Amino acid sequence: MLKHLLIALMPLALFACSKPDSQSQAHQTSAANASYSIASPDGNNVLQFTLSNGKPLYEVSHNDQRIISPSAMGFVFKGDSDGFGPMDVTGTSEISLDQTWQQVWGEKQGIRNHFNGMSVDLQETTGQKRKLSVEFRAFNDGIAFRYLYPQQGEGGLVIMDELTEFNLTNDGTAWWIGAYQDNRYEYITTESALSTLDKVHTPLTIKTDKGLHLSFHEARLVDFASMTLARQEGTAFKADLVPWADGDRVKTDGSFTTPWRTLQIAENAGDLITSYLILNLNDPNKLEDTSWIQPHKYLGIWWGMHIGKYTFWESPTHGASTQISREHIDYCKKFGIDHLLIEGWNKGWTPAWYENAMHMFSFTESTPDFDLKTVTDYAKENGVKLIGYHETGSNIVNYRKQIDAGMALYQSMGVNDIKIGQVGSRLNMKEWHHGQFGVRYYREVLEKAAHYKLAVNFHEPIKDTGERRTYPNMMAREGARGQEYNAWSEGNPPSHTATIPFTRLLAGPMDFTPGVLDVEIKQGYAGRDVHTTAAKQLALYVVLYSPIQMLADLPENYDGNPGLKFLQDVPVDWEDTKVLNAEVGRYITTVRKDRYSDDWYLGSLTNEDAREFEIKLNFLDANAEYEAQVYADAEGITWEKEATKIAVSNTSVKAGDNLKLMLAPGGGTAIRFKKL
Ligand code: NOJ
């Protein structure tokens, strides 16, 4: 039976107190054997810390179910192979918060940060008598903890291993991608028994045999290696920090604060998506002026390169020419999509640009067929904002030399958005993208971008751990297989977009680049197509949250397409989000309310299987009439047969009505509920 250290809840207030003697409800038999626990505000999630013969352990339970059995904590430092010796508890303190903060932009405007927490200070009883503190937090939607190691006079300190264990009590189904692979996070998610995994990336999503939905991840990853999870035996996992090329895991100046190790706990799959625990564990916004940060939709000179219509490099079919740029600006104006991404306008692209090598891209010089000033002026005249692009090819040495000049150039052109790519298996052909080297690099670029008033879209990124709360210029990133895989590989299976909302997207917004309505890719490579229906492509704009959404197809494929109207209407900034039904890897129906109108939008999609849903419209305002503008799969189609056909219909609805959705195999439905 767990002994709870009950922490009184003070709404809208934060309190903290130091309790060196730690009496109260904590159970402490001696300094070397002690036990403290906290419960979430609703009492459902309990985190217990125990010092057992001087060894720190933690465990987690949800209602009466133990989820994590006693699991080890701590570190091994360089030159000290055994880790910490026996420890004492030297102090504890408590903290509680119930506060609602506003997102600058987001999937929900007001986020409630509500938790009970405690901090436990430890010290070795022998040897160097080193100190270590652990902070714990229990939220209604999960738990988190992190370590703080104060400066103790050693100078530089290298972490060789983190000993944190996650000893899960039950097996279950896991959705995962393997860590330490050359294509970073860009793999199809595998679904398999938890007890069969090896080393995996987070977010790691699990449905336990008892029916609980769990997601392991981390929050506030700053100047540390990212954490992967390595299975030890059965369902016991251990933190596995991504190393530097020289084998060190984390280089510190003698003190460090780890990212939060997080476990989101939900009764159903949809509640994982509407959990904001990761954001709540990040620091508040540091940018005073955010007026230049603008969620938006955009067209691009992009898909054409991926399907082989254009080239990135100088050639008779070079995509980023002045002429083709002007044509795209004309399309932006015609469609009312006011941002345009132009890739490949700069020198340095070759047909082998993506191969692992220290490619030398220029970030300021344009190709002879592209006139930056002409294109910039033409965009301005037509009310279109250009999105800057930096492909580093993972040559970070080259990028660091030019980054200021490249960003300053964009700033001088009035550009406020930049996509930054890191194609390559290792940064500088040496370091993992997700080791401490990468974590430092991506943060440095993000801060520099804020200096030049540029909002960032990272491709080949470090995983998202909630930085957007602190730096709202961190808009979106890739970090999974995006749409482009459909252009030149065997493609993403229909289940892919029914899976990533519960895995990759739990970390934060993704630049998936949806909206390819010519799913048969008529102008592309033979045998390649998008494994969805066109209506499902529309549903992605609601299901896959991002404050920037590309209309990824060739612009001519939107002209006259019945789906274009939905893409023009659908917002990118939301007041609220709800998940109406969901099963990981199978299906999901999400509704979101526009931040700037009374309209709601729905996106529903399925894997390979056809589905029928009866949706209760109880999210709409009572006593109001809405026009439901429905974009559904045309009758009889599948993702393999006549997949481009969208059936558009309009019907009057009100709160409480039921609406039937019919999803084709690999299909979806998108709806705008326009308040009348
Ligand atoms: C990979 C990115 O994901 C893609 O969007 C981009 O077009 C290419 N790299 C070229 O930089």
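Take any residue in the sequence shown, note its place counting from 1, add 1158, and you have its number in our numbering.
Note that CB positions come from ideal geometry on N, CA and C, so glycine has one too.
Owing to the predicted nature of the structure, the values given are computational and were not obtained by experimental measurement.
Taking 6 Å as the cut-off, the C-beta of residue 1602 does not count as close to any heavy atom of the ligand NOJ. As summarised for the stretch 1246-1334, the continuous beta strand (DSSP E) elements at least 3 residues long and confined to that stretch are 1268-1282, 1289-1297, 1300-1307, 1315-1320, 1323-1326, 1330-1334, given in chain order. Taking C-beta atoms under 8 Å as the contact rule, residue 1323 and residue 1394 qualify, at a distance of about 6 Å. Relative to the Cα of residue 1264, the nearest Cα in the group 1632, 1250, 1327 belongs to 1632. The Cβ neighbour count for residue 1834, taken over all protein chains shown within 10 Å, is under 16; the residue is labelled exposed. For residue 1428 and residue 1777, the gap between their C-alpha atoms comes out near 15 Å.
Spanning the alpha carbons of residue 1254 and residue 1736 requires a straight line of approximately 27 Å. Distance from the Cα of residue 1208 is smallest, within the candidate group 1773, 1486, 1513, 1292, for 1292. Excluding sequence positions up to five before and after residue 1644, its CB lies within less than 8 Å of the CB of 1650, 1674, 1679, 1686, 1687, 1688, 1689, all in the same chain and listed in chain order. Comparing C-alpha distances from residue 1391 to each of 1506, 1356, 1683 shows the shortest one belongs to 1356.
Rounded to whole angstroms, the gap between the alpha carbons of residue 1339 and residue 1639 is 13 Å. Placement of the Cβ of residue 1330 at a distance of 6 Å or more from every heavy atom of the ligand NOJ is found. In terms of side-chain proximity, the C-beta atom of residue 1476 is found no nearer than 6 Å to any non-hydrogen atom of the ligand NOJ. Here DSSP, grouped into helix, strand and coil, assigns residue 1461 to helix. The beta-carbon separation of residue 1440 and residue 1624, rounded to 4 Å, stays under the 8 Å limit for a contact.
Relative to the ligand NOJ, residue 1501 has its C-beta within less than 6 Å of a heavy atom. Of the heavy atoms belonging to the ligand NOJ, none sits nearer than 6 Å to the Cβ of residue 1766. Assigned with DSSP and collapsed to three states, residue 1380 falls in coil, not helix or strand.
Along the stretch 1720-1795, the beta strand (DSSP E) occurs as fully enclosed runs of 3 or more residues at 1732-1741, 1745-1752, 1758-1764, 1769-1774, 1783-1791, listed in sequence order. Assignment of beta strand (DSSP E) within the stretch 1450-1502, counting only whole runs of 3 or more residues, yields 1454-1459, 1497-1500 in chain order.
Within the same chain, Cβ atoms closer than 8 Å to the Cβ of residue 1213 are found at 1230, 1244, 1245, the five residues on either side in sequence being excluded.
Assigned with DSSP and collapsed to three states, residue 1570 falls in helix. Apart from the 5 residues on each side of it in sequence, residue 1434 sits with its Cβ closer than 6 Å to the Cβ of 1269 in its chain, given in chain order.
Counting the other CB atoms within 10 Å of its CB gives residue 1277 a total of 16 or more, which places it among the buried residues. One thing to note: residue 1294 has its Cβ no nearer than 7 Å to the Cβ of residue 1379. Burial is judged here by how many other beta carbons sit within 10 angstroms of a residue's own beta carbon; residue 1754 has fewer than 16 and is exposed.
Its chain contains 1330, 1331, 1371, 1742 as the residues whose beta carbon lies nearer than 7 Å to that of residue 1365, once the 5 sequence neighbours on both sides are disregarded; these appear in chain order. Residue 1708 sits in a strand when the DSSP states are folded into three classes.
The C-beta distance from residue 1466 to residue 1502 rounds to 14 Å, too long to meet the 8 Å contact threshold. Only residues of its own chain outside the window of five on either side were considered, and among them 1783, 1785 have a CB closer than 7 Å to the CB of residue 1810, listed in chain order. Using a cutoff of 6 Å, the CB of residue 1549 counts as near the ligand NOJ, since one of the ligand's heavy atoms is closer than that. In this structure, residue 1582 has its CB at a distance of at least 6 Å from all heavy atoms of the ligand NOJ.
By the neighbour-count criterion, in which 16 or more other beta carbons inside 10 Å mark a residue as buried, residue 1506 falls on the buried side.
In the three-state DSSP reduction, residue 1538 falls in the helix class (H, G or I). Per DSSP, reduced to three states, the secondary structure at residue 1654 is helical.
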